[in-house]
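*Asks:* Please read through the structure below; I'll follow up with questions.
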Amino acid sequence: MRPLPVLADRPTPLTHKTGRVWIAVLLVASVLPWRDSARAEEASAGQTPQFTLDDLDGKRVRFADLRGEGPVLIDFWATWCKPCLRELPHIERLFQAYRSQGLQVIAIAEDETRSLPKVKSYIKTHGFTFPVLLDPNQRVLRDFRGTNCPYLVVISPTGEVVYLHSGYRDGDEKELAEVIARVIASHGQSAVGASDSKAGDPQPSGED
Numbered sequence: 002m003r004p005l006p007v008l009a010d011r012p013t014p015l016t017h018k019t020g021r022v023w024i025a026v027l028l029v030a031s032v033l034p035w036r037d038s039a040r041a042e043e044a045s046a047g048q049t050p051q052f053t054l055d056d057l058d059g060k061r062v063r064f065a066d067l068r069g070e071g072p073v074l075i076d077f078w079a080t081w082c083k084p085c086l087r088e089l090p091h092i093e094r095l096f097q098a099y100r101s102q103g104l105q106v107i108a109i110a111e112d113e114t115r116s117l118p119k120v121k122s123y124i125k126t127h128g129f130t131f132p133v134l135l136d137p138n139q140r141v142l143r144d145f146r147g148t149n150c151p152y153l154v155v156i157s158p159t160g161e162v163v164y165l166h167s168g169y170r171d172g173d174e175k176e177l178a179e180v181i182a183r184v185i186a187s188h189g190q191s192a193v194g195a196s197d198s199k200a201g202d203p204q205p206s207g208e209d
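Listed below in structure tokens is the structure:
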């Protein structure tokens, strides 16, 4: 796992004028939102944003009602996003591999409202079994500091965001499986590794 960059201390003589400048910079930096890298990284511990979205049947669903006692994997995706479609079968396999150990998967579609029939058709055709919610205005994606799809969030059983990942390349699913297994193991649950259950193995998605 790539560690977060650490800025080296650089003592700099402060005059009265430059001191005010540095104070202003620090104040601005303190309120800027945290940004994820283009790849994967461990997130600083923080409580999960709460949200309520429609599911594929138009029912309002609260995130709190979907959470169980185990970790949660949120996958922000869209039908127009080819990397998302390549990743979804791996997400399904992870769900099947770890759901008995408490893993909950929530797929949040970023498609526009008018694309709902396409979203429903895609999920049904490919036999995905995880819950799917709709975020047509990308509000929840932004709440999790996301800017594009696919975007993954792993939340610990205690409700902390512990992992973020933006984008998808072949093989990323193996790292995700390791993260989930580690989170499950760290909270006292018996984790069957994704490598043993082949949860991270490539599977055709029907999309190029």
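Be aware that the sequence shown starts at 2, since it is given in our numbering, and climbs by one per residue. Virtual Cβ for every residue (Gly too), placed ideally from N, Cα, C.
If you check the beta carbons only, do Leu86 and Asp136 fall under 8 angstroms apart?
*Replies:* The answer is no: Cβ separation not under 8 angstroms.
*Asks:* According to the neighbour-count rule (16 or more other Cβ atoms, all chains shown, within 10 Å of its Cβ), is Asp112 buried or exposed?
*Replies:* Buried: at least 16 other Cβ atoms inside 10 Å.
*Asks:* Using DSSP's beta-bridge definition, name the partner residues of Ile107.
*Replies:* DSSP output for Ile107 lists Ile75 as bridge partner(s).
*Asks:* By Cβ distance below 7 angstroms, which residues in the same chain neighbour Arg63 in space, the five residues on each side in sequence not counted?
*Replies:* Thr53, listed in sequence order.
*Asks:* So, is Ser167 buried or exposed, given that buried needs 16 or more other C-beta atoms within 10 angstroms?
*Replies:* It is buried - the Cβ of Ser167 has at least 16 other Cβ atoms within 10 Å.
*Asks:* Figure out for me which residue from Phe145, Leu89, Leu142 has the closest Cα to the Cα of His127.
*Replies:* Residue Leu89 is the option with its Cα nearest to His127.
*Asks:* My output table needs one value for Val26: the three-state DSSP class, helix, strand or coil.
*Replies:* Residue placement at Val26 is poorly supported in this model, since its pLDDT is 35, which falls under 50; the coordinates still yield a value, given next. Reduced to three states, the DSSP call for Val26 is helix.
*Asks:* Looking at Phe96: is its Cβ nearer than 8 angstroms to the Cβ of Phe145?
*Replies:* Not closer than 8 angstroms, so no.
*Asks:* Report the three-state DSSP secondary structure of Leu57 (helix, strand or coil).
*Replies:* Reduced to three states, the DSSP call for Leu57 is coil.
*Asks:* Taking 7 angstroms as the limit between beta carbons, can you name the residues of its chain near Gly71, skipping five residues before and five after?
*Replies:* If we look at Gly71 and ignore the five residues flanking it on each side, its Cβ neighbours are Gln102, Gly103, Leu104, Gln105, Pro158, Ile185, Gln190.
*Asks:* Between which two residues does the alpha helix (DSSP H) carrying Ser187 extend?
*Replies:* It spans 173-187 - the alpha helix (DSSP H) in which Ser187 sits, taken as one unbroken run.
*Asks:* Using the three-state DSSP reduction, which class does Arg146 fall into: helix, strand or coil?
*Replies:* Three-state DSSP puts Arg146 in coil, outside helix and strand.
*Asks:* Using 10 angstroms around the beta-carbon of Gly69, count the other beta-carbons present and answer buried if the total reaches 16, otherwise exposed.
*Replies:* Answer is exposed; the Cβ neighbour count stays below 16.
*Asks:* Taking Cβ positions, are Ile181 and Tyr123 nearer each other than 8 angstroms?
*Replies:* For Ile181 and Tyr123, no; Cβs fall outside 8 angstroms.
*Asks:* Within the same chain, show all residues whose beta-carbon is closer than 6 angstroms to that of Lys121, passing over the 5 residues directly before and after it, in chain order.
*Replies:* Within the same chain, Lys121 has close Cβ partners Leu57.
*Asks:* Residues in the same chain with beta-carbon distance under 8 angstroms from Thr80, minus the five sequence neighbours each way, listed in chain order, please.
*Replies:* If we look at Thr80 and ignore the five residues flanking it on each side, its Cβ neighbours are Leu86, Ala110, Asp112, Ser116, Lys119, Val120, Tyr123.
*Asks:* Check whether the Cβ atoms of Asp76 and Ile92 sit closer than 8 angstroms, and answer yes or no.
*Replies:* Contact: yes.
*Asks:* Can you look up Arg68 in the DSSP assignment and give me helix, strand or coil?
*Replies:* The answer is coil: DSSP assigns Arg68 none of H, G, I, E or B.
*Asks:* Taking just the CA atoms, how far does Tyr152 sit from Arg143?
*Replies:* Roughly 11 angstroms between the two C-alpha positions.
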